[in-house]
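Chains as they are written, first to last, in the numbering used here: chain A, 36 to 267; chain B, 36 to 267.
Heads up, the beta-carbon is just placed ideally off N, CA and C, and yes, glycines get one too.
Report on the following structure.
2 protein chains.
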Amino acid sequence: MNTSTLEAVSRRKPLEDPLAYLPCSSILHVKRGEAIYDRDKARAGIYMVIAGKVKVSRMTDEGRPVLIDIYQADEFFGEASLINLSPGVDSAVALETTSVMTWASEDIERLAAERPKLAIALVQLVVGRSVDFARRVESLAFDSIEHRLAHALVRFSERFGAPAENGFAEMMALTHESLSQYVATSREVITHHMNRFRSMGFLTYSRRHTSVNAAAIKDWMKQEPVALKNAA
Amino acid sequence: MNTSTLEAVSRRKPLEDPLAYLPCSSILHVKRGEAIYDRDKARAGIYMVIAGKVKVSRMTDEGRPVLIDIYQADEFFGEASLINLSPGVDSAVALETTSVMTWASEDIERLAAERPKLAIALVQLVVGRSVDFARRVESLAFDSIEHRLAHALVRFSERFGAPAENGFAEMMALTHESLSQYVATSREVITHHMNRFRSMGFLTYSRRHTSVNAAAIKDWMKQEPVALKNAA
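See below:
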């Protein structure tokens, strides 16, 4: 996969925004590291981040966590509650001091019946996520770990980064553990590649932030032949 | 991943069925091997299979196809048209003589506004697909190729198989090429593992059908330690 040629989106009209059709609801404040839902704490419905960041993971049957995504202000998570999946399979944890707004799935269904554009907006939101998942399946299927990490860094910096000097975008610290759960490898392997990327000038990081030069990473991905993982 | 302990679904009430809220629409008949949409033929909207089977794939930027899924009667595909993705990234091809019903995405939006339960049904459908994708991301991340193939055979036989003798379920022929595009490996590797599974009594196959003993495969997966792929 080549992020520089991500499929073009030709929109006949702008997508609907669920936020435009949802009334205010109760707000939950959570501290850094605190679970919003997990094995022991049931999902209350659909959530939207008001402020802060939330990490959503799924646990495999062998007990290995897979990072689904990180969500920021105005983004939704917990949509699986709309199909009444039993709790415990996925969890949402605040990465920093976070506030979220919650709507029970019964309320969402009632509201969608009253405001059909809300339903369309939700359909579009979830379709967008499955397109994202399909890309990730491709990347896991065919990219080397190094390329998967490069894709992850570009994607997170485009989602969360604020422009900084010299083409870098600065975002919250991405721990090597979170990256390993996204890229699906061990933390040690992530640390090895992150050190290499740092020495190549693609990123700088500390406990407080991660800065990524996405353009430089994309150039490198274009030049570097993609390892034919799993091909033989 | 262990298919025998797939996450339990505790439903407060049955999911909505989009079919119950969609009026009849135009029907398209396609021959085996013919494209319903692809790079050269635009998606007409959302499709539902009336009879036959349809294989939906995505092409990676390097030109390698990934099989997204195979759809059968009463199942929907082409939902990406709801977010107006440009054509060419995914394609749908009839695996046998097939009839599909089509609704333009503008019509779906209008219908959903008139029949809110249709919108809820579509949301639930798409949420279900993204949960499926999340499981596949897990499997690609952590399972060996052999286990990924075993999961794929169990899943396809549960979706398409009709009960046959001795615990086998018989379905359409799954080509090694399709399996390689689902499991994400080469056809040669699939052939190697299929021969091995056949000699272990897990399956029989010909040009016309594939028969799978899903219970035997699940037992074997339980005993066989999962290779810690990508773990070091």
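For residue i, the residue or residues it bridges with in DSSP
i: Phe-232 of chain B; result: Beta-bridge pairing links Phe-232 of chain B to no other residue.
i: Ser-246 of chain A; result: A:Glu-205 and A:Thr-239
i: His-64 of chain A; result: A:Ser-134
i: Leu-72 of chain B; result: Looking at the sequence provided, one finds Tyr at residue 72 of chain B rather than Leu. Answer is B:Ala-127.
i: Ala-102 of chain B; result: This sequence places Leu at residue 102 of chain B; Ala is not what is there. According to DSSP, Leu-102 of chain B bridges with B:Ser-92.
i: Val-84 of chain B; result: B:Val-135
i: Pro-198 of chain B; result: B:Ala-204
i: Phe-111 of chain A; result: A:Met-83
Inter-residue Cα distance where the pair is residue i and residue j
i: Glu-97 of chain B; j: Arg-233 of chain B; result: 33 Å
i: Ile-71 of chain A; j: Ser-92 of chain A; result: 12 Å
i: Val-224 of chain A; j: Asn-230 of chain A; result: 10 Å
i: Leu-276 of chain B; j: Val-247 of chain B; result: Since the first residue of chain B shown is 36 and the last is 267, residue 276 of chain B is not available in this structure.
i: Pro-198 of chain B; j: Ala-129 of chain A; result: 47 Å
i: Ser-61 of chain A; j: Asp-142 of chain A; result: 12 Å
i: Leu-54 of chain B; j: Ala-86 of chain B; result: 15 Å
i: Ala-154 of chain B; j: Val-162 of chain B; result: 12 Å
i: Ser-126 of chain B; j: Leu-157 of chain B; result: 21 Å
i: Arg-67 of chain A; j: Ser-134 of chain A; result: 11 Å
i: His-244 of chain B; j: Ser-179 of chain A; result: 35 Å
i: Arg-24 of chain A; j: Ala-139 of chain A; result: Residue 24 of chain A is absent from the model: chain A starts at 36 and stops at 267.
i: Arg-46 of chain B; j: Ala-208 of chain B; result: For Arg-46 of chain B, the pLDDT reaches just 43, beneath the cut-off of 50, and the residue's location in the model is therefore unreliable, although a value from the coordinates is still provided. Rounded to the nearest angstrom, the two C-alpha atoms are 34 Å apart.
i: Ala-204 of chain A; j: Arg-190 of chain A; result: 11 Å
i: Asp-73 of chain A; j: Asp-73 of chain B; result: 41 Å
i: Val-124 of chain B; j: Met-94 of chain A; result: 30 Å
i: Gly-80 of chain B; j: Arg-222 of chain A; result: 43 Å
i: Leu-117 of chain A; j: Ala-115 of chain B; result: 19 Å
i: Pro-151 of chain A; j: Pro-151 of chain B; result: 6 Å
i: Leu-63 of chain B; j: Ile-252 of chain B; result: 38 Å
i: Arg-145 of chain B; j: Tyr-82 of chain A; result: 27 Å
i: Trp-255 of chain A; j: Asp-254 of chain B; result: 45 Å
i: Glu-69 of chain A; j: Cys-59 of chain B; result: 49 Å
i: Thr-226 of chain B; j: Ser-174 of chain A; result: 23 Å
i: Met-206 of chain A; j: Lys-257 of chain B; result: 42 Å
Residue nearest to residue i in terms of C-alpha spacing, selected from the options
i: Met-136 of chain A; options: A:Ser-174, A:Ala-249, A:Arg-99 and A:Val-65; result: A:Val-65
i: Val-166 of chain B; options: A:Val-101, A:Val-84 and A:Glu-212; result: A:Val-101
i: Ala-147 of chain B; options: B:Arg-164, B:Leu-57 and B:Thr-245; result: B:Leu-57
i: Gly-202 of chain A; options: A:Gln-258, A:Glu-193 and A:Val-161; result: A:Glu-193
i: Glu-200 of chain B; options: B:Thr-210, B:Leu-50, B:Phe-168 and B:Ala-250; result: B:Ala-250
i: Val-84 of chain B; options: B:Tyr-106, B:Glu-69 and B:Cys-59; result: B:Tyr-106
i: Arg-99 of chain A; options: A:Arg-145, A:Glu-173 and A:Ser-213; result: A:Ser-213
i: Asp-109 of chain A; options: A:Lys-253, A:Ile-252, A:Phe-195 and A:Glu-69; result: A:Phe-195
i: Arg-164 of chain B; options: B:Arg-145, B:Asp-104, B:Glu-144 and B:Glu-173; result: B:Asp-104
Local Cβ density within 10 Å of residue i, reported as buried at 16 or more and exposed below that
i: Thr-132 of chain A; result: exposed
i: Met-235 of chain A; result: exposed
i: Asp-75 of chain B; result: exposed
i: Thr-40 of chain B; result: Its pLDDT being 34, under 50, Thr-40 of chain B is placed unreliably in this model, and the value from its coordinates should be taken loosely. Exposed, by the Cβ-count rule.
i: Leu-188 of chain A; result: buried
i: Ser-241 of chain A; result: exposed
i: Glu-259 of chain A; result: exposed
i: Asn-265 of chain B; result: Here Asn-265 of chain B scores only 44 on pLDDT, less than 50, and its place in the model should not be relied on; the value that follows carries that caveat. Its Cβ being crowded by 16 or more others within 10 Å, Asn-265 of chain B is buried.
i: Arg-171 of chain B; result: buried
i: Arg-77 of chain A; result: First, the residue type needs correcting, since residue 77 of chain A is Ala and not Arg in the sequence shown. The residue is exposed, with fewer than 16 neighbouring Cβ atoms inside 10 Å.
i: Glu-149 of chain A; result: exposed
i: Pro-49 of chain B; result: exposed
i: Ala-169 of chain A; result: buried
Residue i CB to nearest heavy atom of the ligand ZN below 8 Å
i: Phe-111 of chain B; result: For the structure depicted, the ligand ZN is absent and the ligand set is empty, with no information on it obtainable.
Beta-carbon separation (whole angstroms), residue i vs residue j, contact threshold 8 Å
i: Phe-111 of chain B; j: Val-89 of chain B; result: About 10 Å; that fails the 8 Å criterion.
i: Glu-181 of chain A; j: His-228 of chain A; result: 5 Å
i: Ala-219 of chain B; j: Phe-177 of chain A; result: 7 Å
i: Glu-51 of chain A; j: Gln-159 of chain A; result: 6 Å
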